[in-house]
Amino acid sequence: MKKVVIVGLATSLIGIIMATTAFYVARPGNIAWENGKFVYGQNHKNKLTTLALPSEVSTEQIKNINLSVANTDVVVKHGQAFKIESNDSQLKTPLIFNEESGTLSLQSKSTKNSNLKINITGFYDNSPQVIITIPNGFDDKNISISSTSGDIHLSHSKLAVVTLNSQEGDIMLYSNTMKTANISDNNGDIVVKSEITEGGKISNNNGDIHFSGSNLPPYSVKTIKGEFMTDKNKSDNTGNATLFIDNNNGDVSMS
1 MKKVVIVGLA TSLIGIIMAT TAFYVARPGN IAWENGKFVY GQNHKNKLTT LALPSEVSTE
61 QIKNINLSVA NTDVVVKHGQ AFKIESNDSQ LKTPLIFNEE SGTLSLQSKS TKNSNLKINI
121 TGFYDNSPQV IITIPNGFDD KNISISSTSG DIHLSHSKLA VVTLNSQEGD IMLYSNTMKT
181 ANISDNNGDI VVKSEITEGG KISNNNGDIH FSGSNLPPYS VKTIKGEFMT DKNKSDNTGN
241 ATLFIDNNNG DVSMS
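Numbered according to the working numbering, the sequence shown spans residues 1 to 255.
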(Lines of atoms letter the chains of each structure in order from A and count residues from 1; the text may use other names and numbers.)
(Lines give C-alpha, C1' and ligand atoms only; values in the text may rest on other atoms or scores of the structure.)
Protein backbone atom coordinates (compact mmCIF):
# COMPACT_ATOMS: atom_id res chain seq x y z
CA MET A 1 0.00 0.00 0.00
CA LYS A 2 2.83 2.41 0.93
CA LYS A 3 4.61 1.62 -2.36
CA VAL A 4 1.46 2.46 -4.32
CA VAL A 5 1.12 5.79 -2.49
CA ILE A 6 4.79 6.66 -3.05
CA VAL A 7 4.58 5.77 -6.74
CA GLY A 8 1.41 7.85 -7.07
CA LEU A 9 2.97 10.87 -5.37
CA ALA A 10 6.11 10.60 -7.54
CA THR A 11 4.00 10.42 -10.68
CA SER A 12 1.98 13.45 -9.61
CA LEU A 13 5.13 15.41 -8.81
CA ILE A 14 6.62 14.63 -12.22
CA GLY A 15 3.37 15.70 -13.86
CA ILE A 16 3.36 19.01 -11.98
CA ILE A 17 6.99 19.73 -12.95
CA MET A 18 6.30 18.94 -16.62
CA ALA A 19 3.15 21.08 -16.68
CA THR A 20 4.92 24.03 -15.01
CA THR A 21 7.83 23.79 -17.45
CA ALA A 22 5.48 23.68 -20.43
CA PHE A 23 3.58 26.69 -19.13
CA TYR A 24 6.65 28.93 -18.84
CA VAL A 25 8.52 27.69 -21.91
CA ALA A 26 5.76 27.26 -24.46
CA ARG A 27 2.67 28.86 -23.04
CA PRO A 28 0.36 30.18 -25.79
CA GLY A 29 -0.33 33.51 -24.18
CA ASN A 30 -1.20 35.65 -21.17
CA ILE A 31 -4.45 36.81 -19.67
CA ALA A 32 -4.15 40.50 -18.80
CA TRP A 33 -6.31 43.40 -17.59
CA GLU A 34 -5.94 46.42 -19.88
CA ASN A 35 -8.12 49.52 -20.17
CA GLY A 36 -11.01 48.05 -18.20
CA LYS A 37 -11.14 44.62 -19.87
CA PHE A 38 -9.40 41.27 -20.01
CA VAL A 39 -7.18 40.64 -23.02
CA TYR A 40 -5.31 37.55 -24.17
CA GLY A 41 -2.08 37.50 -26.08
CA GLN A 42 1.37 35.99 -26.29
CA ASN A 43 3.26 39.25 -26.49
CA HIS A 44 2.48 42.47 -24.65
CA LYS A 45 4.34 44.57 -27.20
CA ASN A 46 2.78 45.13 -30.59
CA LYS A 47 4.89 44.43 -33.67
CA LEU A 48 7.02 47.32 -34.92
CA THR A 49 6.04 48.83 -38.24
CA THR A 50 8.40 50.85 -40.44
CA LEU A 51 6.94 54.26 -41.30
CA ALA A 52 7.49 55.23 -44.92
CA LEU A 53 9.06 58.56 -45.82
CA PRO A 54 6.89 60.91 -47.87
CA SER A 55 7.25 60.28 -51.58
CA GLU A 56 10.21 61.89 -53.33
CA VAL A 57 11.91 62.74 -50.00
CA SER A 58 15.45 61.47 -49.47
CA THR A 59 17.41 61.37 -46.24
CA GLU A 60 19.79 63.99 -47.72
CA GLN A 61 16.92 66.52 -47.69
CA ILE A 62 16.23 66.00 -43.97
CA LYS A 63 17.81 68.67 -41.78
CA ASN A 64 15.62 68.33 -38.68
CA ILE A 65 13.74 65.44 -37.08
CA ASN A 66 10.86 66.53 -34.85
CA LEU A 67 9.06 63.90 -32.77
CA SER A 68 6.27 64.64 -30.29
CA VAL A 69 4.63 61.67 -28.54
CA ALA A 70 2.52 60.87 -25.49
CA ASN A 71 3.10 57.94 -23.12
CA THR A 72 5.64 56.51 -25.53
CA ASP A 73 9.24 55.37 -25.13
CA VAL A 74 11.61 56.69 -27.79
CA VAL A 75 14.85 54.97 -28.81
CA VAL A 76 17.40 56.58 -31.12
CA LYS A 77 20.23 54.33 -32.22
CA HIS A 78 22.91 54.01 -34.89
CA GLY A 79 22.37 51.79 -37.92
CA GLN A 80 23.09 51.27 -41.60
CA ALA A 81 20.09 53.16 -42.97
CA PHE A 82 17.70 55.83 -41.71
CA LYS A 83 14.30 54.53 -40.65
CA ILE A 84 11.56 55.14 -38.13
CA GLU A 85 9.67 52.22 -36.61
CA SER A 86 6.73 52.28 -34.24
CA ASN A 87 4.10 50.15 -32.54
CA ASP A 88 2.22 53.22 -31.27
CA SER A 89 -1.34 53.19 -32.59
CA GLN A 90 -1.78 56.81 -31.43
CA LEU A 91 0.70 58.25 -33.93
CA LYS A 92 -0.38 60.37 -36.84
CA THR A 93 0.77 58.80 -40.07
CA PRO A 94 2.19 59.30 -42.60
CA LEU A 95 5.30 61.27 -41.71
CA ILE A 96 5.09 64.99 -42.53
CA PHE A 97 7.94 66.72 -44.33
CA ASN A 98 8.35 70.50 -44.58
CA GLU A 99 10.45 71.11 -47.66
CA GLU A 100 11.27 74.71 -46.77
CA SER A 101 12.78 73.93 -43.36
CA GLY A 102 13.81 70.36 -44.13
CA THR A 103 11.90 69.14 -41.07
CA LEU A 104 10.52 65.61 -40.80
CA SER A 105 7.73 65.46 -38.18
CA LEU A 106 5.84 62.75 -36.36
CA GLN A 107 3.20 63.40 -33.69
CA SER A 108 0.77 61.56 -31.43
CA LYS A 109 -2.89 62.27 -32.07
CA SER A 110 -4.11 61.48 -28.54
CA THR A 111 -2.99 60.28 -25.11
CA LYS A 112 -3.69 57.39 -22.79
CA ASN A 113 -3.58 57.66 -19.03
CA SER A 114 -1.41 54.69 -18.10
CA ASN A 115 0.78 52.02 -19.64
CA LEU A 116 1.06 49.92 -16.48
CA LYS A 117 -0.93 46.70 -16.90
CA ILE A 118 -1.57 43.65 -14.74
CA ASN A 119 -1.75 40.00 -15.74
CA ILE A 120 -1.87 36.69 -13.89
CA THR A 121 1.89 36.77 -13.33
CA GLY A 122 2.07 40.39 -12.09
CA PHE A 123 2.51 43.93 -13.43
CA TYR A 124 4.21 44.77 -16.72
CA ASP A 125 4.91 47.85 -18.81
CA ASN A 126 3.00 48.00 -22.08
CA SER A 127 4.39 51.36 -23.24
CA PRO A 128 4.45 51.78 -27.02
CA GLN A 129 7.76 52.51 -28.70
CA VAL A 130 9.19 54.63 -31.47
CA ILE A 131 12.63 53.57 -32.72
CA ILE A 132 14.68 55.92 -34.91
CA THR A 133 17.75 54.53 -36.65
CA ILE A 134 20.44 57.10 -37.48
CA PRO A 135 23.14 56.23 -40.06
CA ASN A 136 26.50 57.91 -40.64
CA GLY A 137 26.37 61.38 -42.15
CA PHE A 138 23.83 62.86 -39.74
CA ASP A 139 26.35 64.94 -37.78
CA ASP A 140 24.99 68.16 -39.33
CA LYS A 141 21.34 67.34 -38.58
CA ASN A 142 19.18 68.21 -35.57
CA ILE A 143 16.78 66.04 -33.60
CA SER A 144 14.02 67.16 -31.24
CA ILE A 145 12.07 64.65 -29.14
CA SER A 146 9.28 65.39 -26.67
CA SER A 147 7.43 62.75 -24.65
CA THR A 148 4.80 63.55 -22.03
CA SER A 149 5.29 60.22 -20.27
CA GLY A 150 8.01 57.94 -21.53
CA ASP A 151 11.73 57.23 -21.49
CA ILE A 152 14.09 58.60 -24.13
CA HIS A 153 17.25 56.65 -25.09
CA LEU A 154 19.84 58.11 -27.46
CA SER A 155 22.89 55.99 -28.26
CA HIS A 156 25.88 55.78 -30.63
CA SER A 157 24.76 58.71 -32.77
CA LYS A 158 26.50 61.80 -34.17
CA LEU A 159 24.23 64.84 -34.43
CA ALA A 160 24.41 68.63 -34.41
CA VAL A 161 21.71 69.88 -32.01
CA VAL A 162 19.90 67.43 -29.71
CA THR A 163 16.75 68.64 -27.92
CA LEU A 164 15.08 66.16 -25.56
CA ASN A 165 12.17 66.69 -23.20
CA SER A 166 10.29 64.26 -20.99
CA GLN A 167 7.61 65.13 -18.46
CA GLU A 168 7.47 61.73 -16.73
CA GLY A 169 10.38 59.50 -17.70
CA ASP A 170 14.13 59.02 -17.76
CA ILE A 171 16.47 60.45 -20.41
CA MET A 172 19.62 58.49 -21.22
CA LEU A 173 22.45 59.37 -23.63
CA TYR A 174 25.15 56.76 -24.28
CA SER A 175 28.20 57.06 -26.56
CA ASN A 176 26.93 60.01 -28.61
CA THR A 177 28.65 63.06 -30.07
CA MET A 178 26.73 66.31 -30.44
CA LYS A 179 27.51 69.98 -30.75
CA THR A 180 24.65 71.27 -28.61
CA ALA A 181 22.50 69.44 -26.05
CA ASN A 182 19.26 70.94 -24.73
CA ILE A 183 17.79 68.40 -22.34
CA SER A 184 14.99 68.88 -19.82
CA ASP A 185 13.07 66.54 -17.55
CA ASN A 186 10.27 67.23 -15.14
CA ASN A 187 10.10 64.02 -13.13
CA GLY A 188 12.83 61.52 -13.93
CA ASP A 189 16.58 61.01 -14.05
CA ILE A 190 19.00 62.22 -16.73
CA VAL A 191 22.09 60.14 -17.51
CA VAL A 192 24.76 61.47 -19.88
CA LYS A 193 27.67 59.33 -21.10
CA SER A 194 28.44 61.28 -24.27
CA GLU A 195 30.46 64.09 -25.80
CA ILE A 196 29.07 67.63 -26.04
CA THR A 197 31.43 69.87 -27.98
CA GLU A 198 29.87 73.34 -27.87
CA GLY A 199 27.28 73.76 -25.10
CA GLY A 200 23.58 73.92 -24.31
CA LYS A 201 21.40 73.49 -21.23
CA ILE A 202 20.57 70.41 -19.16
CA SER A 203 17.89 70.87 -16.52
CA ASN A 204 15.77 68.75 -14.23
CA ASN A 205 12.90 69.65 -11.94
CA ASN A 206 12.57 66.52 -9.83
CA GLY A 207 15.29 63.93 -10.35
CA ASP A 208 19.03 63.41 -10.54
CA ILE A 209 21.46 64.39 -13.31
CA HIS A 210 24.45 62.10 -13.71
CA PHE A 211 27.46 62.48 -16.03
CA SER A 212 29.84 59.57 -16.48
CA GLY A 213 32.87 59.51 -18.78
CA SER A 214 31.55 62.51 -20.68
CA ASN A 215 33.60 65.08 -22.59
CA LEU A 216 32.02 68.46 -21.84
CA PRO A 217 32.71 72.08 -22.76
CA PRO A 218 33.10 74.65 -19.95
CA TYR A 219 30.04 74.31 -17.74
CA SER A 220 28.27 75.79 -14.73
CA VAL A 221 26.19 73.85 -12.21
CA LYS A 222 23.28 75.18 -10.15
CA THR A 223 21.31 73.12 -7.62
CA ILE A 224 18.52 74.36 -5.35
CA LYS A 225 17.56 71.27 -3.31
CA GLY A 226 20.37 68.86 -4.01
CA GLU A 227 24.11 68.30 -4.01
CA PHE A 228 26.82 68.67 -6.63
CA MET A 229 29.17 65.69 -6.44
CA THR A 230 32.24 65.50 -8.65
CA ASP A 231 35.66 63.88 -8.95
CA LYS A 232 38.59 66.06 -7.94
CA ASN A 233 39.79 66.30 -11.55
CA LYS A 234 36.52 67.92 -12.63
CA SER A 235 35.87 71.60 -12.11
CA ASP A 236 32.96 74.01 -12.39
CA ASN A 237 33.97 76.52 -15.10
CA THR A 238 31.33 79.10 -14.26
CA GLY A 239 33.17 82.10 -15.72
CA ASN A 240 33.31 80.96 -19.35
CA ALA A 241 30.55 78.34 -19.30
CA THR A 242 28.72 77.34 -22.48
CA LEU A 243 26.91 74.36 -20.94
CA PHE A 244 24.47 75.20 -18.14
CA ILE A 245 23.36 72.46 -15.76
CA ASP A 246 20.42 73.24 -13.46
CA ASN A 247 18.59 71.01 -11.00
CA ASN A 248 15.70 72.11 -8.83
CA ASN A 249 15.15 69.05 -6.64
CA GLY A 250 17.87 66.46 -7.11
CA ASP A 251 21.60 65.84 -7.20
CA VAL A 252 24.12 66.50 -9.96
CA SER A 253 27.05 64.07 -10.11
CA MET A 254 30.08 63.74 -12.40
CA SER A 255 32.48 60.81 -12.61
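The C-beta atom is built at its ideal place from N, Cα and C for all residues, glycine as well.
Regarding Leu164 and the ligand PLP, is the C-beta to nearest heavy atom distance less than 7 Å?
As far as ligands go, the structure on display features none, and thus does not contain the ligand PLP.
Can you check DSSP and say which residues form a bridge with Ser144?
Asn66 and Thr163
Compute the Euclidean distance between the alpha carbons of Ala160 and Gly199, then round it to the nearest angstrom.
11 Å
Contact defined as beta carbons within less than 8 Å: I believe Ser127 pairs with Thr72. What is the distance between those atoms, to the nearest angstrom?
That belief holds up - the Cβ atoms of Ser127 and Thr72 are roughly 7 Å apart, short of 8 Å.
Following the continuous beta strand (DSSP E) through Glu260, name the residue where it begins and the one where it ends.
Given that the chain is displayed from residue 1 to residue 255, the structure contains no residue 260 and the question cannot be resolved.
Contacts around Glu195, its chain only, beta-carbon distance under 6 Å, and the 5 residues preceding and following it disregarded:
Excluding residues within five positions, the ones whose Cβ falls inside 6 Å are Thr177 and Asn215.
Do Leu95 and Ser108 have their CB atoms nearer than 8 Å?
no
Which of helix, strand or coil does DSSP assign to Glu168?
coil
Using DSSP bridges, identify the partner residues of Ile96.
Ser105
Assign Thr242 to one of three DSSP states: helix, strand, or coil.
coil
Three-state secondary structure (DSSP) of Thr59
helix
Name the residue from Lys77, Ile132 and Thr148 whose alpha carbon lies nearest to the alpha carbon of Leu53.
Ile132
Going by alpha carbons, who is nearest to Phe97 out of Asn46, Glu56 and Lys47?
Glu56
How would you label Ser212, buried or exposed, when you count the other beta carbons within 10 angstroms and need 16 or more for buried?
With fewer than 16 other beta carbons inside 10 angstroms of its own, Ser212 counts as exposed.
My output table needs one value for Thr72: the three-state DSSP class, helix, strand or coil.
coil
Just how far apart, CA to CA, sit Gln61 and Lys225?
Gln61 and Lys225: Cα-Cα distance of roughly 45 Å.
What does Ile209 pair with, by DSSP beta-bridge criteria?
Ile190 and Val252
Taking the C-alpha atoms as reference points, what is the distance between Ser105 and Leu67?
So the alpha carbons of these two residues sit roughly 6 Å apart.
With H, G and I counted as helix, E and B as strand and the rest as coil, what does DSSP make of Asp258?
The first residue shown for the chain is 1 and the last is 255, placing residue 258 beyond what the model contains.
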